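Residue 62 in the working numbering sits at position 62 of the sequence shown; the count goes up by one each step and never skips. Beta carbons are placed, not taken as given, at the ideal position from N, Cα and C, and that holds for glycine. Just so we're clear, the structure is a prediction, and the values are computed from it rather than from any experiment.
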Amino acid sequence: MEADQNKRTSIPVHGVSTTRLDDFSKESKFHPKVIYLEDIHGKRILGCGSANLTLSGWGRNQEVFTFREIETKEQYN
């Protein structure tokens, strides 16, 4: 795959209660990341969550993420 080619990624989404996660300790830190996505039709999505862009972050760890569609110009600016 070339760098200028689009990649289609599928991410399963599950509800999470952060108060029930057993693996958190005093050393655990929530340091959120933000991602902005826009398709060729102008649909815009903003996401915020804890996952790093690694196999562990997107596939193995307990992570929290939320995605919101940007529907108005006021939300975008």
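Minimum C-alpha distance to residue i - residue among the options
{"i": "Glu69", "options": "Ser56, Thr54, Asn61, Tyr36", "result": "Tyr36"}
{"i": "His31", "options": "Glu38, Leu53, Ile45", "result": "Leu53"}
{"i": "Val34", "options": "Thr72, Gln62, Leu55, Phe67", "result": "Phe67"}
Integer Cβ distance of residue i from residue j, believed to fall under 8 Å
{"i": "Val64", "j": "Gly49", "result": "5 Å"}
Distance CB(residue i)-CB(residue j) smaller than 8 Å
{"i": "Gly42", "j": "Ala51", "result": "no"}
CB contact check: residue i to chain C, cutoff 8 Å
{"i": "Glu69", "result": "Any reference to chain C falls outside this structure, which holds one protein chain only."}
_Quick check for students: name the residue ranges of the beta strand (DSSP E) that lie wholly in the stretch 27–75, counting only runs of 3 or more._
Here the runs fully enclosed are 33–38, 44–49, 65–70.
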